[in-house]
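Chemist: Below is the structure I would like to discuss, written out as structure tokens.
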């Protein structure tokens, strides 16, 4: 630096040389700070280096930086340099408290020649640390009128006081620091958001593995099912299982809420179902199964969350479908003998809250009959005008496609829902299954 300075100001008078030297030093300091701000280093380390450098350039005994937390509306010491740094870091300040609190509240800089003559000065810090505060510069850290914190330098070395030039330099530094802090926070938020996105994608993959990879191939049944999550993970679940030569299990469930908590409960439900089947060697009694699932969920949730569920146990020999509806949307049975579809409504309360008995109903299914089970995301799918897809439209869609295959019926329902929703954002998971008797 001295060589550069001598080349520029070597012939100037002594007084002019000193002023020029000061200006040159300040410019070089701000340039070095700008370079530091562009470096990729932890924010705490960056701020410490800046405060150490600022202490040197204005010849101060100590310096500190406090960050404002909008959650508790307090100023917290982030970086402290000087003899009593460790003791000072223990403190936090309210807005309006002390010099720093006043600067933060008013968003105005202060240059104080004698702190003990200023009524705003809080002498408790000095009494606690045994440090004597004489003079101070304190400036707010602002970014687009948003308070980020305050910076301060304390005690000009020697017996002098801080100058207006020191104040201007410190304000310039504060503006750069505010940008650095905001950028660092934005990067942290971006990193955190990317981490969440990655975790959600992984959770989605895990949740997809809970669903049947391939539906059973039946000679007497034609089946199709799909689950379309509104978000990366959700609270809907379905399963179609060939239990043994005679029985098949059909199940759809909907956990209250969305996101990770709902997805975790879906995993619990799936695990409980598979555990029960293994313990009973895939020979099940439907009422006992529903009661067992209810007890497991009660223990897991403590009654805070619940699950609506429909369970159908089909006997391939007798063609009887045993249905239990635990607070779920009523599945529809479309039969050639009935003008209106039959609703499978008997069962009981939703799972996971009350230990109450359930009841079952049985219905004989004939060739050509269709069973449609679904979650409320189907009938409650909203368009831009907040209009629901509704049960009537679902029934009409199935009625018009009764001569088609199960997959064609399901595809027709999906397309009709998408047509209804249009460009509106999906409000809930959409799950639907079709059972058609051959």
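In the working numbering, the protein residues as written are 22 to 459. The beta-carbon is built from N, C-alpha and C at its ideal position, and this holds for glycine as well.
(1) Closest to residue 383 by C-alpha separation, out of 284, 401, 346, would be which residue?
(2) Between residue 187 and residue 129, what straight-line distance do the alpha-carbon atoms span, to the nearest angstrom?
(3) Kindly provide the ranges of any alpha helix (DSSP H) runs that are 4 or more residues long and lie completely inside the segment 230-306, ordered along the chain.
(4) Just checking my contact of residue 236 with residue 199 at CB under 8 Å: how many whole Å lie between their CB atoms?
(5) What does a CB cutoff of less than 8 Å around residue 278 pick up in its chain, not counting 5 residues either side in sequence?
(6) Where does the unbroken beta strand (DSSP E) through residue 347 begin, and where does it stop?
(7) Among the candidates 171, 353, 210, whose CA atom is the shortest distance from the CA of residue 100?
(8) Thinking C-alpha only, which one of 301, 138, 222, 85 is nearest residue 109?
(9) Less than 9 Å between the C-beta atoms of residue 81 and residue 183, yes or no?
(10) How should residue 72 be labelled, buried or exposed, when 16 other C-beta atoms within 10 angstroms of its C-beta is the threshold for buried?
(11) Which same chain residues end up closer than 6 Å to residue 69 when comparing Cβ atoms and leaving out the 5 residues on each side of it in sequence?
(12) Touch check for the segment 401-418 and the segment 373-388: three-plus C-beta pairs under 8 Å?
(13) What first and last residue would you give for the beta strand (DSSP E) that runs through residue 98?
(14) In three-state DSSP terms, what is residue 23?
(15) DSSP three-state call for residue 204: helix, strand or coil?
(16) Given a threshold of 16 other Cβ atoms within 10 Å of its Cβ, counted over all protein chains shown, does residue 362 qualify as buried or as exposed?
(17) Using the Cα positions of residue 22 and residue 143, report the straight-line distance between them to the nearest angstrom.
(18) Starting from residue 164, follow its DSSP beta bridges and name the residues at the other end.
(19) Answer yes if the segment 368-376 comes into contact with the segment 433-449, meaning at least three C-beta pairs across the two stretches below 8 Å, and no otherwise.
(20) I need the DSSP call for residue 29, collapsed to helix, strand or coil.
(21) When DSSP labels each residue in this structure, what does residue 337 get in the three-state scheme?
(22) Going along the chain, which residues of its own chain have a beta-carbon closer than 8 Å to the beta-carbon of residue 411, five neighbours each way excluded?
(23) Would you report the Cα separation of residue 448 and residue 222, rounded to the nearest angstrom?
(24) Can you tell which of 452, 152, 64 has its C-alpha closest to the C-alpha of residue 261?
(25) With distance defined between alpha-carbon atoms, name the residue in 458, 406, 422 nearest to residue 443.
(26) Provide the residue(s) that pair with residue 448 in DSSP beta bridges, ordered along the chain.
(27) Note down the Cα distance separating residue 158 from residue 124, rounded to an integer number of angstroms.
(28) DSSP three-state call for residue 127: helix, strand or coil?
(29) Return the residue from the list 302, 121, 96, 240 that minimises the CA-CA distance to residue 136.
(30) Out of 90, 131, 74, 153, point me to the one whose CA is closest to residue 104's CA.
(31) Got a sec, what are the start and stop residues for the alpha helix (DSSP H) residue 437 sits in?
(32) Run through the DSSP bridge pairs and tell me what residue 353 is partnered with.
(33) Hey, residue 126 and residue 116 are a contact pair by Cβ (cut 8 Å); roughly how many whole angstroms apart?
Modeler: Result, derived from the coordinates:
(1) By 1-based counting over the chain shown, the position of residue 383 is 362. Minimum Cα-Cα distance from residue 383 among the listed residues 284, 401, 346 corresponds to 346.
(2) As a position in the chain shown, residue 187 is number 166, starting the count at 1. As a position in the chain shown, residue 129 is number 108, starting the count at 1. The C-alpha of residue 129 is placed about 16 Å away from the C-alpha of residue 187.
(3) The segment 230-306 contains these whole alpha helix (DSSP H) runs: 280-300.
(4) As a working note, residue 236 is residue 215 in the chain shown. As a working note, residue 199 is residue 178 in the chain shown. That belief does not hold up - the Cβ atoms of residue 236 and residue 199 are roughly 59 Å apart, past 8 Å.
(5) Here residue 278 refers to the residue found at position 257 when the chain shown is read from its first residue. So the list reads 256, 326, once near-sequence residues are dropped.
(6) In the chain shown, residue 347 corresponds to position 326, counting from 1. Per DSSP, residue 347 is one residue of the beta strand (DSSP E) stretching across 341-347.
(7) Against the chain shown, residue 100 aligns to sequence position 79. That would be 171, whose Cα lies nearest to the Cα of residue 100.
(8) In the chain shown, residue 109 corresponds to position 88, counting from 1. A check of alpha carbon separations from residue 109 across 301, 138, 222, 85 identifies 85 as the nearest.
(9) For the purposes of this step, residue 81 is taken as the residue at position 60 of the chain shown. For the purposes of this step, residue 183 is taken as the residue at position 162 of the chain shown. A contact, by the Cβ cut-off of 9 Å.
(10) Residue 72 sits at position 51 when you count from the first residue of the chain shown. Sixteen is the threshold: when 16 or more other Cβ atoms of the shown chains lie within 10 Å of the Cβ of residue 72, as they do, the residue is buried.
(11) Translated into the one-based positions of the chain shown, residue 69 becomes position 48. For residue 69, where only same-chain residues beyond five positions count, the Cβ hits under 6 Å are 100.
(12) Result no; under three Cβ-Cβ pairs closer than 8 Å.
(13) The residue given as residue 98 occupies position 77 in the chain shown. For residue 98, the enclosing beta strand (DSSP E) has its first and last residue at 95-102.
(14) Here residue 23 refers to the residue found at position 2 of the chain shown. Summary for residue 23: the model assigns pLDDT 49, below 50, so the residue's position carries little reliability; its value from the coordinates is reported in the next sentence. In this structure, residue 23 counts as helix in the three-state DSSP scheme.
(15) What you label residue 204 is simply residue 183 of the chain shown in a count that begins at 1. Helix, per DSSP.
(16) As a first step, residue 362 must be located in the chain shown, where it is residue number 341. Its Cβ being crowded by 16 or more others within 10 Å, residue 362 is buried.
(17) Taking the first residue of the chain shown as 1, we reach residue 22 at position 1. Taking the first residue of the chain shown as 1, we reach residue 143 at position 122. For residue 22, the pLDDT reaches just 46, beneath the cut-off of 50, and the residue's location in the model is therefore unreliable, although a value from the coordinates is still provided. Cα to Cα, the separation comes out at about 40 Å.
(18) By 1-based counting over the chain shown, the position of residue 164 is 143. According to DSSP, residue 164 bridges with 167.
(19) Touching, no, given that fewer than three Cβ pairs across the two stretches are closer than 8 Å.
(20) For this step, residue 29 is matched to residue 8 along the chain shown. In this predicted model, residue 29 has a pLDDT of only 43, less than 50, meaning its place in the structure is not dependable; the value taken from the coordinates is given anyway. Three-state DSSP puts residue 29 in a helix.
(21) Indexing the chain shown from 1 puts residue 337 at position 316. Correct three-state label for residue 337: coil.
(22) Locating residue 411 in the chain shown gives position 390, counting from the first residue. These residues qualify, in order along the chain: 400.
(23) Position 427 of the chain shown, counted from the first residue, corresponds to residue 448. Position 201 of the chain shown, counted from the first residue, corresponds to residue 222. In this structure, the alpha-carbon of residue 448 lies about 19 Å from that of residue 222.
(24) What you label residue 261 is simply residue 240 of the chain shown in a count that begins at 1. Nearest in C-alpha terms to residue 261, of all of 452, 152, 64, is 452.
(25) Taking the first residue of the chain shown as position 1, residue 443 is located at position 422. When C-alpha distances from residue 443 are compared across 458, 406, 422, the shortest belongs to 406.
(26) Counting from 1 along the chain shown, the entry for residue 448 is found at position 427. In the DSSP output, where bridge partners are listed per residue, residue 448 has none listed.
(27) Counted from its first residue, the chain shown places residue 158 at position 137. Counted from its first residue, the chain shown places residue 124 at position 103. Taken atom to atom, the span from the alpha-carbon of residue 158 to that of residue 124 is near 10 Å.
(28) As a working note, residue 127 is residue 106 in the chain shown. When secondary structure is reduced to three states using DSSP, residue 127 falls in the helix class.
(29) Translated into the one-based positions of the chain shown, residue 136 becomes position 115. Answer by Cα proximity: 121.
(30) The residue you call residue 104 lines up with position 83 of the chain shown. Looking at the Cα atoms, 153 is the closest of the given residues.
(31) Numbered from 1 along the chain shown, position 416 holds the residue referred to as residue 437. In the DSSP assignment, residue 437 falls within the alpha helix (DSSP H) that extends over 427-442.
(32) The sequence position of residue 353 within the chain shown is 332, counting from 1. Paired residues: 364, 393.
(33) Start at 1 with the first residue of the chain shown, and residue 126 comes out as number 105. Start at 1 with the first residue of the chain shown, and residue 116 comes out as number 95. Contact holds; Cβ gap of about 4 Å.
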